[in-house]
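Presented below is the structure to which this report refers.
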Amino acid sequence: MQTFQPSTIFYTLDALNDRGQKALLSHPAAQHEAIQQHNRLPALESNHFQVKSEVLVLGRLKTLVCRESGRSSDFISPSLANGCMGACAYCYVDRNKAVNPITLFTNTEEILAAVDKHVQKQIWPKVPNQTHAQFYTYDIGCNSDISVDAAISDNVQVAVDFYRKHPKAFATFATKFVNPELLTYDPQGKVRVRFSLLPHKVSKLVDVRTDSVEKRILAINDFYQAGYEVHVNFSPVIVYDGWQQDYRELFEQLNAAVHPKVKEQMSCEVIFLTHNFWQHQTNLEINPKAEALIWTPGNQETKRSQFGGINVRYQHQLKAQYIAEFKQLQQEIIPWCPIRYIF
1 MQTFQPSTIF YTLDALNDRG QKALLSHPAA QHEAIQQHNR LPALESNHFQ
51 VKSEVLVLGR LKTLVCRESG RSSDFISPSL ANGCMGACAY CYVDRNKAVN
101 PITLFTNTEE ILAAVDKHVQ KQIWPKVPNQ THAQFYTYDI GCNSDISVDA
151 AISDNVQVAV DFYRKHPKAF ATFATKFVNP ELLTYDPQGK VRVRFSLLPH
201 KVSKLVDVRT DSVEKRILAI NDFYQAGYEV HVNFSPVIVY DGWQQDYREL
251 FEQLNAAVHP KVKEQMSCEV IFLTHNFWQH QTNLEINPKA EALIWTPGNQ
301 ETKRSQFGGI NVRYQHQLKA QYIAEFKQLQ QEIIPWCPIR YIF
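Position 180 of the sequence shown, counted from 1, bears residue number 180 in this note's numbering, the numbering being contiguous throughout.
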């Protein structure tokens, strides 16, 4: 994972607790500028990619709401951060923003207190479901990449400590990076990491500035040994000529790399591509090769999102066929990795 070295740090005054102060001091060469709100930045001249690697925002998260999920987790935790160092062509977090730098929320303890308050209101014992048989699961990285966040502050380590000790709550996050620092956090089975995997040649185009798929696969056994529950996340599945063969090779690579003990506890989730018209327009300027792969009107249909945006997804009947083909490959090559959900 490349080092994040921002040249500009914006901060709100209420974010300058000990964690915020430490983040400022960690980058003494950066320009520091106070702002009124973490989600209202001054005009930036840098482009989408530059902002992600050059700008850090420190803020205090005020909306401490746990939202229902039901797929990757039971609930989505209030975010520890927003934005990511990577610049994936399909990223939904970037869709409604011209630029989207990493925003670190420094009030980690308040965020975790909100999770504790929320989980204590749930029925106990929990009714087992596909997210977990015993614990209520909270996605802690829905709007950021936890592996990157952990390289910026101690907020992820504090969160892992919280979930390890909590009698009812369990954490989960997906990642496209490998941060060795996470191997020292001792989660003791109370945190699930989901490594996102795509065929290598596709990932090189669309997973901009993330760690390679090979590196992610090779990290799976190490994270299991370090006390994590490890799953994989085949997301997004992108359809193109020859996609089935590329997934066959990816599954074979995974089958060869994962230790038998790790296979016993591994499951996967599968999400076919959803794209966005605004993001399409942006990608035409910053990543046209990726856009040619993911904007394919011949097999896609439009859908208005719950937030009013115009999204595209694979046509309903075609998608049913794609899902059947994916399931057949999974059963043939990695039947030990059951699909938790697919859509």
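We put the CB at the ideal spot given by N, CA and C, even for glycine.
Is it right to say Lys327 is buried, meaning 16 or more other beta carbons lie within 10 angstroms of its own, or is it exposed? By the neighbour-count rule (16 or more Cβ atoms within 10 Å), Lys327 is not buried but exposed.
Using CA coordinates, which residue listed in His316, His118, Leu182, Leu80 is at the minimum distance from Ile102? It is Leu80 whose Cα lies nearest to the Cα of Ile102.
So, helix, strand or coil for Tyr136, using DSSP? It is a strand residue.
Identity of the residue in Gln21, Ile238, Arg304, Lys263 nearest Leu198 by Cα: Checking every option, the nearest Cα to that of Leu198 belongs to Ile238.
Can you give the Cα-Cα distance for Glu229 and Asp186, rounded to whole angstroms? Taking the straight line from one Cα to the other gives about 11 angstroms.
DSSP-derived helix/strand/coil call for Asn255: In the structure shown, Asn255 sits in a helix (DSSP, three-state: H, G or I).
Using CA atoms only, rank isn't needed, just tell me which of Ala174, Ser147, Gln188, Leu183 is closest to Phe162. Distance from the Cα of Phe162 is smallest, within the candidate group Ala174, Ser147, Gln188, Leu183, for Gln188.
Is the stretch 116-130 close to the stretch 155-172, with three or more CB pairs under 8 angstroms? Three or more Cβ pairs closer than 8 angstroms define a contact, and the stretch 116-130 meets that threshold against the stretch 155-172.
At the level of alpha carbons, what is the spacing between Val115 and Ile76? Cα to Cα, Val115 sits roughly 9 angstroms from Ile76.
Gly242 CB to nearest chain B CB: under 8 angstroms? In the displayed structure, chain B is absent; only one protein chain is listed.
Less than 8 angstroms separating the beta-carbons of Lys176 and Ser153? Not closer than 8 angstroms, so no.
Between the alpha carbons of Gln391 and Pro338, how many angstroms are there, rounded? In the structure displayed, the chain extends from 1 to 343; residue 391 sits before or after that span and is not available.
Under 8 angstroms: do the stretch 51-58 and the stretch 7-18 share three or more Cβ pairs, one atom per stretch? In this structure the stretch 51-58 lies against the stretch 7-18, because at least three pairs of beta carbons, one per stretch, are closer than 8 angstroms.
Would you report the Cα separation of Ile323 and Gly242, rounded to the nearest angstrom? Near 15 angstroms, if we compare the C-alpha coordinates of Gly242 and Ile323.
Pairwise C-alpha distance: His32 and Leu16: Cα to Cα, Leu16 sits roughly 12 angstroms from His32.
Compare the C-alpha of Ala87 against each of Trp278, Tyr138, Lys52, Thr137 and name the closest. When only C-alpha atoms are compared, the closest one is Lys52.
Backbone secondary structure at Ser267 - three-state DSSP: It is coil, neither helix nor strand.
Run through DSSP, which three-state label would Lys303 get? Looking at Lys303 - three-state DSSP - the assignment turns out to be strand.
Beta-bridge partners of Leu56, as assigned by DSSP: Beta-bridge partners assigned by DSSP to Leu56: Ile9, Ile102.
How is the alpha helix (DSSP H) around Tyr163 delimited, first residue to last? Taken as a continuous stretch (DSSP letters only), the alpha helix (DSSP H) holding Tyr163 covers 155-165.
Residue from Cys84, Lys201, Ser26, Cys66 with nearest C-alpha to Ile111: Each of Cys84, Lys201, Ser26, Cys66 was checked against the Cα of Ile111, and the nearest Cα belongs to Cys66.
How far does the alpha helix (DSSP H) with Ala292 in it extend, from its first residue to its last? Its alpha helix (DSSP H) spans residues 288-294.
Using CA coordinates, which residue listed in Arg340, Gln37, Arg209 is at the minimum distance from Phe4? Here the closest residue by C-alpha is Arg209.
According to DSSP, is Tyr341 part of a helix, a strand, or is it coil? In the displayed model, Tyr341 falls within a strand according to three-state DSSP.
Kindly list the residues whose CB is nearer than 8 angstroms to the CB of Ala257, restricted to its own chain and excluding five residues on each side of it in sequence; keep chain order. Excluding residues within five positions, the ones whose Cβ falls inside 8 angstroms are Ile217, Leu218, Ile220, Asn221.
Mind reading off the beta-carbon distance from Arg40 to Thr106? Whole number of angstroms is fine, and I expect it under 8 angstroms. Beta-carbon to beta-carbon, Arg40 and Thr106 are separated by about 17 angstroms, too far to satisfy the 8 angstroms threshold.
Taking 7 angstroms as the limit between beta carbons, can you name the residues of its chain near Val213, skipping five residues before and five after? Leaving aside the five residues that flank Val213 on each side, the residues in its chain whose CB is nearer than 7 angstroms to its CB run, in chain order, Leu197, Leu198, His200, Ser203.
Under the three-state DSSP convention, the category Gly298 falls into: In the structure shown, Gly298 adopts helical secondary structure according to DSSP, grouped into three states.
Given this structure, state the Cα-to-Cα distance separating Lys71 from Ser46, to the nearest angstrom. Position check: residue 71 holds Arg in this sequence, whereas Lys was assumed. Cα to Cα, Arg71 sits roughly 36 angstroms from Ser46.
Inter-residue Cα distance where the pair is Val191 and Tyr240: Going by the C-alpha atoms only, they are around 34 angstroms apart.
Going by DSSP in three states, Arg19 sits in which element: helix, strand or coil? Three-state DSSP puts Arg19 in a helix.
State the beta-bridge partners of Ala169 as determined by DSSP. DSSP output for Ala169 lists Tyr136 as bridge partner(s).
Nonlocal neighbours in the same chain, by C-beta distance under 8 angstroms from Leu273, ignoring five residues either side: Taken in chain order, the residues that qualify are Tyr90, Pro236, Val237, Ile238, Val239, Ile294, Arg313, Tyr314.
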